[in-house]
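One structure is given below, encoded as structure tokens.
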Amino acid sequence: MEDEPPKELLEAGRIAAEAREYAAGLVEAGASCRRVCELVEERIRSLGAVPAFPCNISLDTVAAHYTPGLRDDCSIGGGSVVKLDVGAAVEGYIADTAVTVDLGGGHRGLVEASVEGLRAAMKVLKPGARFYDIGRAVEQAVRRRGFKVVKNLSGHTIDRYTIHAGLSIPNYGDRTAWIHRIRPGMTFAIEPFATNGRGMVREGSTVNIYAYTGRKPRAMLGGLEERILRYVAEKYRTLPFTPRWLKGMAGDEEVERAVRLLAKLGALHAYPVLIEAGGGLVSQAEHTFYALRGGIVVVTEKGQPTI
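Following the numbering used here, the numbering of the sequence shown begins with -14 at its first residue and continues without gaps.
Here it is as structure tokens:
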């Protein structure tokens, strides 16, 4: 597997890249966030994959983890900085990618900062590269544009059915990451976040993304909770999902209440929205990569080049 990427991963990457570009083309002033996400998720399915997680559409100061729920939505403002984070999975092989759209045209530098951070990381990427050096390259590129990286958001390793597989790839020169290196056979995502704010995120109160933890609650569950847990375990395994995808199992409010209870009992992991702590705007760029013995495949770039 170290001589070439799994074919399923390459297919997931091709589909994720197409979905990313499709998503960016849907962004316009007044558009419904729910409508955008549903169209993107349907496009991924129509191309032969499944969404590796719900389409994230995070506006302005929201850095990550927003997707519309069963009963909430958002509307894209005319000057919004719109982050679209999409993923595709084929037989559990995951490709994760993101793009930022500066709808008003007034934040081009912020958008370019995260893109240049990603490009800087790609210049130092090679088998054996230290996570520390990758993060330092990202931070230096973002700072040259006059912005800060978001230090408590990072890239990550990826395994089958596991979007965050245990190792974080920092967006700054984090010396605690010195010991970790890119190894042949590793799938990983690099995702710089740039901001004009504090450079940290905090959790918000909105939660519309969950994932099955594999743990069965000790407490007695009601019928709806049992059905939901059985359904998500069989349908999504450990991939994140949204209560939107459970519509029709009961009333919307009942489904939301059951999901919150399952999270409280430890059967589901909750992903709250992440908001820039200083109220700054945030941009994001992301690719998924696969490490060979002699190079790195950019899984979510058109043509899937080896660098």
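Ideal placement from N, C-alpha and C gives every residue a C-beta, glycine not left out. Quick caveat, the model's predicted, so the values are computed rather than measured.
Extent of the continuous alpha helix (DSSP H) run through residue i
i: E188; result: Taken as a continuous stretch (DSSP letters only), E188 belongs to no alpha helix (DSSP H), being part of the beta strand (DSSP E) at 186 to 197.
i: A218; result: 208 to 220
i: C18; result: 18 to 31
i: M234; result: Where M234 is concerned, there is no enclosing alpha helix (DSSP H), given that its DSSP letter is neither H nor E.
i: E(-11); result: Unbroken run through E(-11): none, as it is neither H nor E.
i: L55; result: Premise fails: L55 is in no alpha helix (DSSP H) and is neither H nor E.
i: R93; result: 93 to 109
Selection from the options that minimises the alpha carbon distance to residue i
i: E261; options: G189, E241, I0, V284; result: G189
i: P(-10); options: I292, A276, K287; result: A276
i: P228; options: V71, R28, N181, L55; result: L55
i: Y195; options: V21, I148, G264, A83; result: I148
i: P257; options: V47, V282, F178, P169; result: V47
i: I175; options: L209, G62, A80; result: A80
i: K136; options: Y146, R130, I154, S31; result: I154
i: G233; options: S268, T285, G72, Y216; result: Y216
i: G90; options: W230, G288, E13; result: E13
i: G(-2); options: L214, I292, V283; result: V283
i: G113; options: R203, R166, A4; result: R166
i: E27; options: R183, E3, D87; result: E3
i: L(-6); options: R129, L11, V71, R145; result: R145
i: E76; options: W230, E(-4), Y197; result: E(-4)
i: R245; options: V109, T191, V71; result: T191
i: R222; options: R93, G199, V267; result: G199
i: A34; options: C22, G72, E23, R212; result: G72
N-terminal and C-terminal residue of the beta strand (DSSP E) that residue i is part of
i: E261; result: 253 to 261
i: V283; result: 281 to 283
i: L44; result: 41 to 44
i: A49; result: 47 to 49
Identity of the residues DSSP links to residue i by a beta bridge
i: P36; result: A73
i: D87; result: V66
i: Q269; result: F178
i: I79; result: A74
i: R140; result: One detail in the question is off: residue 140 reads as Gly in this sequence, not Arg. Bridge partners of G140: I154.
i: F274; result: F173, V283
i: K133; result: T180
i: S60; result: S17
i: R5; result: None; R5 has no bridge partner.
i: F116; result: BP columns for F116 are empty, so no partner.
i: A166; result: The identity of residue 166 in the sequence shown is Arg, whereas the question assumes Ala. R166 is bridged to R115.
i: T161; result: Its beta-bridge partners do not exist; DSSP assigns none.
i: T227; result: In DSSP, T227 forms no bridge with anything.
Should the segment 31 to 44 be regarded as contacting the segment 60 to 75, the criterion being three or more beta carbon pairs within less than 8 Å? yes
Below 8 Å, can you find three or more Cβ-Cβ pairs linking the segment 243 to 258 to the segment 112 to 123? no
Does the count of Cβ pairs from the segment 265 to 282 and the segment 172 to 186 closer than 8 Å reach three? By the Cβ test, the segment 265 to 282 is in contact with the segment 172 to 186, since at least three Cβ pairs between them sit closer than 8 Å.
Touch check for the segment 91 to 106 and the segment 15 to 23: three-plus C-beta pairs under 8 Å? no
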